[in-house]
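Novice: Offset between the sequence shown (1-based) and the numbering used here: plus 9. Submitted below is the structure of interest, expressed as structure tokens.
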Amino acid sequence: MTALAVTRATLARVLRDRTALFFMVLLPVAIIVVIGVTVSGFDEFRIGLVPASQAGPVARELTADIQDAPGLRTRIYDTATDARTALRRAELDAVVLVPSGLDADVRAGHSVTVRVLVEPSGSAGHSAVTSVSAVVAEHAARLQAARFAQDETGGSFDGALALAHNAERASSPIAVRTETVNGRSDYLPLGYGYSTPTMLVLFVFINALAGGAAIVQTRRTGVYTRALAAPIAARTLVFGETVAYLALAVLQSLLLIGIGALAFNVSWGDPLAAGVLVAVWALVGTGAGVLAGAVFRTPEQVHAIGPALGIGMGMLGGCMWPLALVPGWLRAAGHAVPHAWAVDAWTTLLSQDGDLPSIMRDLAVLAGFAVVLLTCASLALRHRLITSPGE
10 MTALAVTRAT LARVLRDRTA LFFMVLLPVA IIVVIGVTVS GFDEFRIGLV PASQAGPVAR
70 ELTADIQDAP GLRTRIYDTA TDARTALRRA ELDAVVLVPS GLDADVRAGH SVTVRVLVEP
130 SGSAGHSAVT SVSAVVAEHA ARLQAARFAQ DETGGSFDGA LALAHNAERA SSPIAVRTET
190 VNGRSDYLPL GYGYSTPTML VLFVFINALA GGAAIVQTRR TGVYTRALAA PIAARTLVFG
250 ETVAYLALAV LQSLLLIGIG ALAFNVSWGD PLAAGVLVAV WALVGTGAGV LAGAVFRTPE
310 QVHAIGPALG IGMGMLGGCM WPLALVPGWL RAAGHAVPHA WAVDAWTTLL SQDGDLPSIM
370 RDLAVLAGFA VVLLTCASLA LRHRLITSPG E
């Protein structure tokens, strides 16, 4: 019960600290939002759309088709000049100019050209042309069907176009589904699916390191000295502090997982595998935090060195960018820190539909880090409490 009393006291002290709560909850969520928005949308082409100045039903329909097309993120511009300027500034991948005389030319049976502007050096622009061309071709096929219906029935073009729409809705088009057999991705999903797991790995570790300042402060204020004066063993204090920091790490992980799932619709993969990974990573962070509290002499040292060390290890371990993008030697160096193994495990779960057996190697390595850190932390803190509890 004494160890649990130490745990309760530590948890109460941390949860009353508004600064600690800011770094545990608000700051990670803010960074998740920023990074999630930054890395999202890479699978969409940015299209500037300039509607026809005198748009009829056909031109409006083409404009709507382009706006609704999957894979195209469109923005309407009033003039072609504004759209060209945005294209030159690399704000767009392509610009689509809807012809002003589109309706008249279609009704007259004339050929119509839809101009698409791209930068000569922009590879994304040329790929965007293919997507735009597919939308325009589908629209043209509908117009061709309407023209054929008009020739057969002798009615108006608008009536024939309505018949083409009805026939299109009534038909059952053949869908083509692409599936990669045994496909593997070395990248986390884009958007919030990328930022949330990596920020969980980063901030659980950083906050655990920063939390070591509370242990240092408790040592300096003589709390441990007074506790040891009672019939309380040093190992009991160490165990109580370790359980408290483990509970804080798990709590922060669960908060980030809940926020990611509810607010950002992040899928965390296999529940059992994700739960085990969260628990093992919490042990790693706990070991690092307690070790920092035992090694550093002042809280200022913890605050100055801990976050910098955590961020550096996070960058090296792939929390800021995928390790699949860096050279092989840097990827190998990154796996010298536990962050890389945690990110690898999340990548397996979220991008490769992995389960618990598929991440066992990553979990084993992380468990090894946790055992080493917790052992060193326990021995160091116990030695500090026995030899110099007030320092």
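Every residue gets a Cβ at the ideal spot worked out from N, C-alpha and C, and that includes glycine.
Using C-beta distances below 6 Å, list every residue in its chain close to Ser367, excluding the 5 sequence neighbours before and after it, in chain order.
Specialist: Within the sequence shown, numbered from 1, the residue matching residue 367 stands at position 358. Excluding positions up to five away in sequence, the list reads Thr357.
Novice: Just to confirm my understanding: we take Val38, look at its own chain, exclude 5 residues before and 5 after, and list those with CB closer than 7 Å. What are they?
Specialist: Residue mapping note: residue 38 aligns to position 29 of the sequence shown, counting from 1. Ile268.
Novice: Can you list the alpha helix (DSSP H) stretches of 4 or more residues lying completely in the stretch 97-132, in chain order?
Specialist: For the stretch 97-132, whole alpha helix (DSSP H) runs of length 4 or above, ordered along the chain, are 111-116.
Novice: Relative to the C-alpha of Ala146, which candidate in Gln159, Thr162, Asp279, Ser120 has its C-alpha closest?
Specialist: Mapped onto the sequence shown, residue 146 falls at position 137. Nearest C-alpha to Ala146: Ser120.
Novice: Taking its Cβ as the centre, do 16 or more other Cβ atoms sit within 10 Å of Ala92, making it buried, or is it exposed?
Specialist: In the sequence shown, counting from the first residue as 1, residue 92 sits at position 83. With 16 or more Cβ atoms within 10 Å of its Cβ, Ala92 is classed as buried.
Novice: Kindly give me the distance between the Cβ atoms of Ala137 and Ala154, rounded to whole angstroms, as I take these residues to be in contact under 8 Å.
Specialist: Here the question's residue 137 lines up with position 128 in the sequence shown. Here the question's residue 154 lines up with position 145 in the sequence shown. Not quite, the Cβ-Cβ distance comes to about 26 Å (not below 8 Å), so this is no contact.
Novice: Under a Cβ-count criterion, where at least 16 other Cβ atoms within 10 Å of its own Cβ denotes burial, should Ala41 be classed as buried or exposed?
Specialist: On the sequence shown, residue 41 is found 32 positions in, with the first residue counted as 1. According to the sequence provided, residue 41 is Ile. The question's Ala does not apply to it. Its Cβ being crowded by 16 or more others within 10 Å, Ile41 is buried.
Novice: Between the Cα of Thr83 and the Cα atoms of Arg98, Ala64, Glu53, Arg69, which residue gives the shortest distance?
Specialist: As a working mapping, residue 83 is identified with position 74 in the sequence shown. The shortest C-alpha separation from Thr83 is found at Glu53.
Novice: Just checking, does the stretch 224-238 make contact with the stretch 263-282 on the three C-beta pairs under 8 Å criterion?
Specialist: Cβ pair count under 8 Å is below three, so no.
Novice: List the residues that DSSP assigns as beta-bridge partners of Phe54.
Specialist: Walking along the sequence shown from the start, residue 54 turns up at place 45. For Phe54, which the question treats as bridged, DSSP gives the partners Leu81.
Novice: Looking only at its own chain, which residues have a Cβ that is under 7 Å from the Cβ of Ala89, when we skip the five neighbours before and after it?
Specialist: Stepping through the sequence shown from its first residue, residue 89 is reached at position 80. Closer than 7 Å at the Cβ level, and outside the excluded window around Ala89, lie Val59, Leu106.
Novice: Over the uninterrupted alpha helix (DSSP H) stretch that includes Ala236, give me the two end residues.
Specialist: Counting from one through the sequence shown, the residue named residue 236 turns up at place 227. 232-238 is the span of the alpha helix (DSSP H), which, as asked, contains Ala236.
Novice: Which residues bound the alpha helix (DSSP H) around Gln63?
Specialist: By one-based count along the sequence shown, residue 63 stands at place 54. Careful: Gln63 lies outside any alpha helix (DSSP H) and carries neither H nor E.
Novice: The alpha helix (DSSP H) with Pro280 in it runs from where to where?
Specialist: Numbered from its first residue, the sequence shown carries residue 280 at position 271. 280-304 is the extent of the alpha helix (DSSP H) around Pro280.
Novice: Under 8 Å, do Leu292 and Leu390 count as touching if we go by C-beta distance?
Specialist: The sequence position of residue 292 within the sequence shown is 283, counting from 1. The sequence position of residue 390 within the sequence shown is 381, counting from 1. For Leu292 and Leu390, no; Cβs fall outside 8 Å.
Novice: What's the call for Pro347, buried or exposed, on a 16-neighbour Cβ count within 10 Å?
Specialist: The residue labelled residue 347 in the question sits at position 338 within the sequence shown. Pro347 should be labelled buried.
Novice: Applying the criterion that 16 or more other CB atoms from any shown protein chain within 10 Å of the CB defines a buried residue, is Gly343 buried or exposed?
Specialist: If you number the sequence shown from 1, residue 343 lands on position 334. By the 10 Å Cβ count, Gly343 comes out buried.
Novice: Start and end of the alpha helix (DSSP H) containing Pro366?
Specialist: Along the sequence shown, read from residue 1 onward, the residue named residue 366 stands at position 357. Taken as a continuous stretch (DSSP letters only), Pro366 belongs to no alpha helix (DSSP H), as it is neither H nor E.
Novice: Run through DSSP, which three-state label would Val43 get?
Specialist: The sequence position of residue 43 within the sequence shown is 34, counting from 1. In this structure, Val43 counts as helix in the three-state DSSP scheme.
Novice: Do you know offhand how far Leu394's Cα is from Leu388's?
Specialist: Mapped onto the sequence shown, residue 394 falls at position 385. Mapped onto the sequence shown, residue 388 falls at position 379. Whole-angstrom Cα-Cα distance: 10 Å.
Novice: Evaluate Ser165 with the Cβ neighbour count: other Cβ atoms within 10 Å of its Cβ, from every protein chain shown; 16 or more gives buried, anything less gives exposed.
Specialist: Residue 165 sits at position 156 when you count from the first residue of the sequence shown. Ser165 is exposed by the Cβ-count criterion.
Novice: Taking the alpha-carbon positions, what's the Pro336 to Ser62 distance?
Specialist: Reading the sequence shown from its first residue, position 327 is the one you call residue 336. Reading the sequence shown from its first residue, position 53 is the one you call residue 62. Between Pro336 and Ser62, the C-alpha separation is close to 51 Å.
Novice: My output table needs one value for Val252: the three-state DSSP class, helix, strand or coil.
Specialist: Sequence index remark: in the sequence shown, residue 252 carries index 243 (1-based). Val252: helix per DSSP, three-state reduction.
Novice: Can you name the residues that DSSP bridges to Val59?
Specialist: Translated into the one-based positions of the sequence shown, residue 59 becomes position 50. Paired residues: Leu106.
Novice: Return helix, strand or coil for Gly326, following the three-state DSSP convention.
Specialist: Position 317 of the sequence shown holds residue 326. Coil, per DSSP.
Novice: Could you pull the start and end residues of the alpha helix (DSSP H) that Gly343 belongs to?
Specialist: Here residue 343 refers to the residue found at position 334 when the sequence shown is read from its first residue. From DSSP, the alpha helix (DSSP H) with Gly343 extends over 337-343.
Novice: Helix or strand or just coil, what does DSSP make of Gly164?
Specialist: As a working mapping, residue 164 is identified with position 155 in the sequence shown. It is coil, neither helix nor strand.
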